[in-house]
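Engineer: There's a structure below that I have some questions on.
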Amino acid sequence: MRTTKPSAAGTPGRWALPVAAAVNDVGTGMYVPFTLVFFHYVTGLPFTVVGAVLTVTGLVGLTALPLAGAAVDRYGAKRVQYVLYGVRVAGFALYPFAHALPAFAAVALVTAAADRAFPAVQQSLVGEVAQGADRDRLQAATRALQNGGNGAGALLASLVIAFAGPTGYTYTAWGNALSFALAALLLRPLKPVRSAAARRRAGYRLVLSDRPFLVVTGANFLNALSYSALSVLFPLFLLEWLHAPAALTGAAFTVNTVLCAFAGVYVGSRVRRAGARRTRAAALGGTLFAAAFAAQIVLGTVRPASGAVLGAALTAVIVLYTLGELIHSPAAEVLAVSAAPEEARGRYMAAYQVSWSLAKAVAPSLFTTLFAADGRLPWAVLVLTSALAAALLIRVEHRLPADAVRPLPAPVAQGGPTPATTPAAARA
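Below, the structure is given as structure tokens:
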């Protein structure tokens with residue numbers, strides 16, 4: 002007989018996860034939008050040194066992912082999340098004192114490792130506190146609150162720096178530490194339930210032998226490039242190819258953030274009510290990405306002379322892109338969580354997170370190289386990658402666990418193993 006977990010509706014303190022995630026992203030939003038400037042003023046080191054250290058430590062920090070995944074499978078996601086919060090609290094509290102290069106590199110390394118591991122651990126925690134369609138609801142609510150927190154953090158940091166000047170960066174660093182500490186406290190009421198299967202040992206060999214999951218991970222890498230386009234490619238295209246006012250870049254980010262924060266839960270609920278399979282919802286999101294990128298090619302060819310026309314067209318593109326994000330993100334993330342066997346969920350999420358990290362590392366050089374040849378070329382490549390990702394998700398659908406593709410209405414108390422706990426080799 003298989004041990005059954007309660008649904009998310011009965012999980013104690015379930016509300017704590019999205020609220021803690023929102024507070025966590027307040028801290029993230031306080032430094033990500035101006036990372037180089039932030040660390041330059043906090044440490045006093047030159048921009049070139051700060052950039053080099055952040056690049057190297059960011060890449061080295063990826064090695065924490067496999068360790069975090071193994072720790073989740075052994076100790077549970079909540080405990081590992083507490084450790085990561087503790088590392089980030091200590092890191093940002095120490096940044097203002099890390100004026101020497103070795104000190105900055107050491108603090109940056111441990112902080113980067115915690116930052117890289119955090120999303121995988123949080124996704125594992127979603128898997129531990131919710132099942133079936135409840136995972137989709139929890140993921141949509143978490144992402145919506147995270148976007149709101151991110152925007153609030155960026156606004157708060159801007160206000161602090163505007164009033165306090167360069168000293169405001171130090172206050173912001175300590176504010177980051179405080180936000181991560183508060184997020185950890187907010188997580189306390191959450192009581193994940195782990196079955197006996199989750200305590201069995203399973204190594205990364207299980208992940209590498211699960212070909213359907215690797216296809217899902219590969220498709221996510223292609224879609225992750227689309228997410229990087231908003232922050233990396235869009236401003237470059239807007240300023241250097243369309244010669245549009247810089248204010249439109251900020252407006253685009255504002256539209257995206259507001260829609261994600263206020264429409265995320267609604268769009269997710271509409272998708273669930275329509276009965277869409279998670280694979281097909283994620284594929285639809287990728288298709289909308291492709292449509293938005295194709296529109297950018299048209300816009301880059303026409304190059305409207307009227308500022309009003311250009312602004313309206315860019316707004317329409319951003320709305321279409323954001324709709325794709327709102328449909329794709331919850332479905333793709335929960336698909337990955339649900340496709341992972343419970344006993345190796347931490348390792349699976351660590352492997353999945355590599356697709357996000359690699360895309361973020363590759364995107365800047367890929368986009369700038371293609372842009373140097375023609376401003377429309379990066380968008381054309383993104384149309385192809387988005388379409389390919391959608392095709393891969395549809396093609397692998399029948400090889401994934403049935404309850405990962407389409408959530409079951411309620412857990413089954415008795416019977417044999419479900420596809421979610423079937424060995425990966427048998428599913429491949």
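Each residue of the sequence shown is one higher than the one before, starting from 2 at the first, in my numbering. For glycine and all other residues, C-beta sits at the position ideal for the given N, C-alpha and C. Being a predicted model, the structure only gives us computed values, none of them experimental.
#1: Helix, strand or coil for H41 per DSSP?
#2: With 16 other CB atoms within 10 Å as the buried threshold, where does V413 fall?
#3: Just reading off the alpha helix (DSSP H) that L336 is part of, what are its end residues?
#4: Count the other CB atoms, across all protein chains shown, that sit within 10 Å of the CB of P418; report buried if there are 16 or more and exposed otherwise.
#5: So G269 packs on P167, CB below 8 Å; how close in whole Å?
#6: Between which residues of its own chain and I298 is the CB-CB distance below 8 Å, once the five residues before and five after are set aside?
#7: Starting from P254, follow the alpha helix (DSSP H) in both directions and report where the run begins and ends.
#8: Please classify P103: is it buried, with 16 or more other beta-carbons within 10 angstroms of its beta-carbon, or exposed?
#9: For P47, count neighbouring Cβ atoms within 10 angstroms of its own Cβ and tell me buried if that reaches 16, exposed if not.
#10: Taking only the alpha-carbon atoms, compute the straight-line gap between A262 and V161 and give it to the nearest angstrom.
#11: Counting pairs of Cβ atoms below 8 Å between the region 209–229 and the region 320–338, do you hit three or more?
#12: With a CB to CB cut of under 8 Å and the five nearest residues on each side skipped, what residues in its chain are close to L60?
#13: Applying the criterion that 16 or more other CB atoms from any shown protein chain within 10 Å of the CB defines a buried residue, is R75 buried or exposed?
#14: Among residues of its own chain, excluding the 5 on either side of P120, which ones have a beta-carbon nearer than 6 Å to its beta-carbon?
#15: Out of Y172, F40, L68, F294, point me to the one whose CA is closest to Y349's CA.
#16: Can you give the Cα-Cα distance for A392 and H244, rounded to whole angstroms?
#17: Can you check whether the CB of A134 is closer than 9 Å to the CB of R271?
#18: Our contact map puts N177 next to F93 with C-beta atoms below 8 Å; I'd like the distance itself, whole angstroms only.
#19: Quick one: using the 10 Å Cβ neighbour count with 16 as the cut-off for buried, is A411 buried or exposed?
#20: Within a Cβ cutoff of 6 Å, which residues of the same chain sit near V20, ignoring the five residues on either side of it in sequence?
#21: Which first and last residues belong to the alpha helix (DSSP H) in which W175 is found?
#22: Smallest Cα separation from L430: which of A390, G30, A352, L231?
#23: Does the distance from the CB of Y32 to the CB of A158 come in under 9 Å?
Structural biologist: Result, derived from the coordinates:
#1: For the purposes of this step, residue 41 is taken as residue 40 along the sequence shown, with counting starting at 1. Correct three-state label for H41: helix.
#2: Taking the first residue of the sequence shown as 1, we reach residue 413 at position 412. In this predicted model, V413 has a pLDDT of only 45, less than 50, meaning its place in the structure is not dependable enough to derive any value.
#3: For the purposes of this step, residue 336 is identified with residue 335 of the sequence shown, where counting begins at 1. It spans 308–340 - the alpha helix (DSSP H) in which L336 sits, taken as one unbroken run.
#4: Locating residue 418 in the sequence shown gives position 417, where the first residue counts as 1. Here the model assigns P418 a pLDDT of 42, short of 50, so the residue's position is not dependable, and the following value carries that caveat. It counts as exposed.
#5: As a working note, residue 269 is residue 268 in the sequence shown. As a working note, residue 167 is residue 166 in the sequence shown. Going by Cβ atoms, the distance from G269 to P167 rounds to 41 Å, so no, they are not a contact pair.
#6: Locating residue 298 in the sequence shown gives position 297, counting from the first residue. Here the set comprises R377, W380, A381, V384.
#7: Counted from its first residue, the sequence shown places residue 254 at position 253. According to the sequence as given, residue 254 is Phe; it is not Pro. First-last of the alpha helix (DSSP H) with F254: 248–274.
#8: For the purposes of this step, residue 103 is taken as residue 102 along the sequence shown, with counting starting at 1. Taking all protein chains shown into account, P103 has fewer than 16 neighbouring C-beta atoms within 10 Å of its C-beta and is therefore exposed.
#9: On the sequence shown, residue 47 is found 46 positions in, with the first residue counted as 1. The residue is exposed, with fewer than 16 neighbouring Cβ atoms inside 10 Å.
#10: To locate residue 262, count along the sequence shown from 1; it is residue 261. To locate residue 161, count along the sequence shown from 1; it is residue 160. Cα-Cα distance, rounded: 23 Å.
#11: yes
#12: Translated into positions along the sequence shown, residue 60 becomes position 59. Hits under 8 Å: A362.
#13: As a position in the sequence shown, residue 75 is number 74, starting the count at 1. Result: exposed.
#14: Within the sequence shown, the letter at position 119 stands for residue 120. Excluding residues within five positions, the ones whose Cβ falls inside 6 Å are Q354.
#15: The residue given as residue 349 occupies position 348 in the sequence shown. If we check each option's Cα against that of Y349, L68 comes out closest.
#16: What you label residue 392 is simply residue 391 of the sequence shown in a count that begins at 1. What you label residue 244 is simply residue 243 of the sequence shown in a count that begins at 1. So the two alpha carbons sit approximately 35 Å from each other.
#17: The residue labelled residue 271 in the question sits at position 270 within the sequence shown. The residue labelled residue 134 in the question sits at position 133 within the sequence shown. No.
#18: By one-based count along the sequence shown, residue 177 stands at place 176. By one-based count along the sequence shown, residue 93 stands at place 92. With a Cβ gap of about 4 Å, N177 and F93 count as contacting.
#19: Translated into positions along the sequence shown, residue 411 becomes position 410. Legend: pLDDT at A411 = 45, less than 50; position of this residue unreliable, value from coordinates given subsequently. It is exposed - the Cβ of A411 has fewer than 16 other Cβ atoms within 10 Å.
#20: On the sequence shown, position 19 is the one that residue 20 refers to. Cβ within range, chain order: L187.
#21: On the sequence shown, position 174 is the one that residue 175 refers to. Note, W175: alpha helix (DSSP H), 168–187.
#22: Residue 430 lies beyond the range of the chain shown here (2 to 429); nothing can be said about it.
#23: On the sequence shown, position 31 is the one that residue 32 refers to. On the sequence shown, position 157 is the one that residue 158 refers to. In this structure, A158 lies closer than 9 Å to Y32 by Cβ.
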